[in-house]
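Taken in order, these protein sequences are the chains called L and S.
Everything in the first sequence is counted per this note's numbering, starting at 1 for the first residue and increasing by one.
Everything in the second sequence is counted per this note's numbering, starting at 1001 for the first residue and increasing by one.
Glycine residues also receive a C-beta, built at the ideal position from the N, C-alpha and C atoms.
Notes follow once the structure below has been shown.
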Amino acid sequence: NAGVTQTPKFQVLKTGQSMTLQCAQDMNHNSMYWYRQDPGMGLRLIYYSASEGTTDKGEVPNGYNVSRLNKREFSLRLESAAPSQTSVYFCASSEAAGGLGQYFGPGTRLTVL
Amino acid sequence: GENVEQHPSTLSVQEGDSAVIKCTYSDSASNYFPWYKQELGKRPQLIIDIRSNVGEKKDQRIAVTLNKTAKHFSLHITETQPEDSAVYFCAAAKGYGGSQGNLIFGKGTKLSVKP
């Protein structure tokens, strides 16, 4: 039981490049989330998927898109990376919407030059 | 929307002392309050949570208290140990009962436990 997994662990991009962050969970959770963590800012929600087939914007969605590929997988895409998107990105999942018992993945450290 | 304030931002204690971290929230509809611990370079991990129908919850050396009237909740760590050193985050959400919201996190408290 791996819990929540993320790939890649580290990534360096040049401004304007695109990439997709992958997330998968094996806990049969319905809800999945993408957060970014910046120094002194805590965890801020980018997008979430309350259940398979639905996605919604969180607090800081600009510059990102998401896809809930199936119940297990939730990807985050940066279409044209900007230096302001340098951050640590965490995927999380919970059994239901509302964040009860939310589990986090190991994170992806992204640097945009 | 919900706003969560967390204090202090840094806290240093001697091993064996107690540590208290406090959070306030703004939305009276919030009913779920988890605490996460994040060690350096690691993922946030849920350490304890409390629902609004409970005033206090304990798990060994950690406890959380909730004051719904004042809209604040606190994390208490007793007999601190060096391995308690980490960043602690509080959060609040309308977690159950009707339409749920998402977790809103405080900005974190860096706890240092000195041997």
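Supposed close pair residue i, residue j - CB separation, criterion 8 Å
i: Ala1116 (chain S); j: Lys1094 (chain S); result: Missing from the structure shown is residue 1116 (chain S); chain S here goes from 1001 to 1115 and no further.
i: Val1064 (chain S); j: Ile1077 (chain S); result: About 10 Å separates the two Cβ atoms, so there is no contact after all.
i: Ile46 (chain L); j: Leu13 (chain L); result: In fact, because the Cβ distance is near 17 Å, the residues do not count as touching under 8 Å.
i: Cys91 (chain L); j: Gln6 (chain L); result: 5 Å
i: Phe104 (chain L); j: Pro1044 (chain S); result: 5 Å
i: Met32 (chain L); j: Arg68 (chain L); result: 7 Å
i: Ala1091 (chain S); j: Pro1008 (chain S); result: About 17 Å separates the two Cβ atoms, so there is no contact after all.
Per-residue contacts from residue i into chain L (C-beta, under 7 Å)
i: Arg1043 (chain S); result: Phe90, Phe104, Gly105, Pro106, Gly107
i: Asn1102 (chain S); result: Leu45, Tyr48, Gly58, Gly99
i: Phe1105 (chain S); result: Gly42, Leu43
i: Ala1093 (chain S); result: Gly98, Gly99
i: Tyr1096 (chain S); result: Gly98, Leu100
i: Gly1108 (chain S); result: Gly42
Closer than 9 Å at the beta carbon, the chain L residues around residue i
i: Lys1022 (chain S); result: Result: empty, since nearest Cβ-Cβ is about 15 Å, beyond 9 Å.
i: Phe1089 (chain S); result: Gly42, Leu43
i: Tyr1032 (chain S); result: Gly98, Gly99, Leu100
Cβ-Cβ distance between residue i and residue j below 8 Å
i: Gln37 (chain L); j: Val88 (chain L); result: yes
i: Phe1089 (chain S); j: Phe1073 (chain S); result: no
i: Lys1114 (chain S); j: Ser1012 (chain S); result: yes
i: Gly99 (chain L); j: Leu1103 (chain S); result: yes
i: Gln25 (chain L); j: Ser93 (chain L); result: yes
i: Gly101 (chain L); j: Leu1111 (chain S); result: no
i: Val1004 (chain S); j: Tyr1025 (chain S); result: yes
i: Tyr64 (chain L); j: Leu78 (chain L); result: yes
Where residue i sits in the DSSP three-state scheme
i: Gln182 (chain L); result: As shown, chain L starts at 1 and ends at 113. That puts residue 182 (chain L) outside it, with no answer to give.
i: Met27 (chain L); result: coil
i: Ser80 (chain L); result: coil
i: Val4 (chain L); result: strand
i: Thr1024 (chain S); result: strand
i: Ser1018 (chain S); result: coil
i: Met32 (chain L); result: strand
i: Ala92 (chain L); result: strand
i: Arg72 (chain L); result: coil
i: Val60 (chain L); result: coil
i: Ser1012 (chain S); result: strand
Contacts of residue i in chain L (Cβ-Cβ under 8 Å)
i: Leu1116 (chain S); result: Past the edges of chain S, shown from 1001 to 1115, lies residue 1116 (chain S), and the structure says nothing about it.
Distance cut-off 7 Å: residue i Cβ against heavy atoms of the ligand PLP
i: Glu95 (chain L); result: As far as ligands go, the structure on display features none, and thus does not contain the ligand PLP.
**Study point:** Whole beta strand (DSSP E) elements within the stretch 1035 to 1107 of chain S, 3-residue minimum
**Key:** Within the stretch 1035 to 1107 of chain S, the complete beta strand (DSSP E) runs of at least 3 residues are 1045 to 1051, 1056 to 1059, 1062 to 1067, 1072 to 1077, 1086 to 1092.
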